[in-house]
Structures are given as C-alpha cells and as structure tokens.
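Chemist: Following this message is one structure expressed as structure tokens.
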Amino acid sequence: MPAAIHQFSAARLDGGTQDFAAYDGKVLLIVNTASQCGFTPQYAGLEALYQRYRGRGLLVLGFPCNQFGAQEPGEATEIAAFCQRDYGVSFPMFAKIDVNGEHTHPLYRYLKKAAPGLLGSEGIKWNFTKFLVDRQGQVLARYASATAPESLADEIEKLL
Numbered sequence: 000m001p002a003a004i005h006q007f008s009a010a011r012l013d014g015g016t017q018d019f020a021a022y023d024g025k026v027l028l029i030v031n032t033a034s035q036c037g038f039t040p041q042y043a044g045l046e047a048l049y050q051r052y053r054g055r056g057l058l059v060l061g062f063p064c065n066q067f068g069a070q071e072p073g074e075a076t077e078i079a080a081f082c083q084r085d086y087g088v089s090f091p092m093f094a095k096i097d098v099n100g101e102h103t104h105p106l107y108r109y110l111k112k113a114a115p116g117l118l119g120s121e122g123i124k125w126n127f128t129k130f131l132v133d134r135q136g137q138v139l140a141r142y143a144s145a146t147a148p149e150s151l152a153d154e155i156e157k158l159l
C-alpha cells in the first residue's frame, strides 16, 4: 500500500490525467458524488468549503460514481454541465469511477483501507462519503453521506 495519497493518479472529468503528487502540501476532501441523489445538494456545501479555504490550501476532489441507485447515469460532459449549471462547482472533478467491487479505483481501495467505516467495514455505503486527507497525504478521517460538508469546517481549519 502506498505511504501517501500522492502516489496515485486519476482521470479528470475533462479527459486529462491528474497526478496526485501535485497535491503534496494540500489538504484534500475527497468525495464520491452523484447528480441525482438526495445528497446532491451537498455540492453547494462542498463548493462553499472550497471557496472559503482554497486560498489556504484546501482542495475538494469530486469523483462521480453510478454504483448507488444508478444516480449518476450521465456522461462526462453532462456531469460537468450539471455541476457547473446547478451548483457552480469549480473544484476539481474526475471521471466516473467505481468505489466498490472488482473495478474499484485504486485510490478508493487505498482510502477505504486507510479509513474504514462503521465497525471496520471498508465498503462505501452511498454517494457523498467523504475522506479528509492532511498535507502529507495521510487519510485522517472518513465521514458518512449524511455528514454536511459545512460541519467539517473545524476539522479542516485545524489542518490548514
């Protein structure tokens, strides 16, 4: 298992590839997202956190996923348009991935091992599960879908 998250890369929503080594020294909030979920309005809270703290080193990273109730059926262009039009999302968004199962993205394999969920479960339970990563790339915490982004402000402040 890599020592830190900075050893990963992922396809961006715009088709390019992002090397996470570029995020060294940044605090990361990594979230699996969906456009048609009851938690979708959290995009607004995520964007607000990003706007509030990005100048101090926070990056919110969104990973669309269609594994929960088929709530992210769109293609990359549709996802990008929705996020921009409905929530003004300006934080980095990545290509749709799997967060559970045989085709789990390597980043999410790492995140789930580093910060298991309730009772040690590694599986992601639903859209908008959040992982907080410190400036050194170490996963510090995992938050459930129902955890409002704004409630993480104090934890983020401590890391900045």
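For the record, in the sequence shown the residue sitting at position 91 is 90 according to numbering that gives the first Met the number 0, with numbers rising by one throughout. Every residue, glycine too, gets a C-beta built ideally from N, C-alpha and C.
Who are the Cβ neighbours of Leu158 in its own chain at under 6 Å, not counting the five residues just before and after it?
Modeler: To locate residue 158, count along the sequence shown from 1; it is residue 159. Around Leu158: Val26, Asp133.
Chemist: Spatial neighbours of Cys82 within its chain, please: CB distance less than 7 Å, with the 5 preceding and 5 following residues excluded, ordered by chain position.
Modeler: Numbered from its first residue, the sequence shown carries residue 82 at position 83. Result list for Cys82: Tyr42, Val88, Met92, in chain order.
Chemist: With a threshold of 8 Å on Cβ separation, who are the neighbours of Asn65 within its own chain once the five nearest residues in sequence on each side are excluded?
Modeler: Against the sequence shown, residue 65 aligns to sequence position 66. The answer, listed in chain order, is Ala33, Glu71, Pro72, Lys95.
Chemist: Rounded to a whole number of angstroms, what is the C-alpha to C-alpha distance between Thr142 and Pro115?
Modeler: The residue labelled residue 142 in the question sits at position 143 within the sequence shown. The residue labelled residue 115 in the question sits at position 116 within the sequence shown. Checking the sequence shown, residue 142 turns out to be Tyr, not Thr. Going by the C-alpha atoms only, they are around 10 Å apart.
Chemist: Rounded to a whole number of angstroms, what is the C-alpha to C-alpha distance between His104 and Val98?
Modeler: Looking up residue 104 in the sequence shown gives position 105. Looking up residue 98 in the sequence shown gives position 99. If you take the alpha carbons of His104 and Val98, they lie about 6 Å apart.
Chemist: Taking the alpha carbon of Ala10 as the reference point, which residue from Gly61, Lys111, Leu131, Ala80 has its own alpha carbon closest?
Modeler: Against the sequence shown, residue 10 aligns to sequence position 11. Selected option, being the one with the closest Cα: Gly61.
Chemist: Tell me the DSSP bridge mates of Leu27?
Modeler: Here the question's residue 27 lines up with position 28 in the sequence shown. Leu58, Val132, per the DSSP bridge assignment.
Chemist: Give me, in chain order, the residues of the same chain whose beta-carbon lies closer than 6 Å to that of Gly136; leave out the 5 immediate sequence neighbours on both sides.
Modeler: In the sequence shown, counting from the first residue as 1, residue 136 sits at position 137. Correct list, in chain order: Ala3, Ile4, His5.
Chemist: Mapping the DSSP letters down to three states, classify Arg90 as helix, strand or coil.
Modeler: Along the sequence shown, read from residue 1 onward, the residue named residue 90 stands at position 91. For the record, residue 90 in the displayed sequence is Phe; it is not Arg. Coil.
Chemist: Only counting the same chain, and skipping five residues up and downstream in sequence, which positions put a Cβ closer than 7 Å to that of Ala20?
Modeler: As a working note, residue 20 is residue 21 in the sequence shown. Cβ neighbours of Ala20 beyond the five flanking positions: His5.
Chemist: Arg141 bridges to which residues according to DSSP?
Modeler: Along the sequence shown, one-based indexing puts residue 141 at 142. Phe130, per the DSSP bridge assignment.
Chemist: Could you check how far apart the C-beta atoms of Tyr49 and Phe90 are, in whole angstroms? I think they sit under 8 Å.
Modeler: Along the sequence shown, one-based indexing puts residue 49 at 50. Along the sequence shown, one-based indexing puts residue 90 at 91. About 4 Å separates the two Cβ atoms, so the contact holds.
Chemist: In this structure, what does DSSP give as the bridge partners for Thr16?
Modeler: The residue given as residue 16 occupies position 17 in the sequence shown. Its beta-bridge partners are Ala10.
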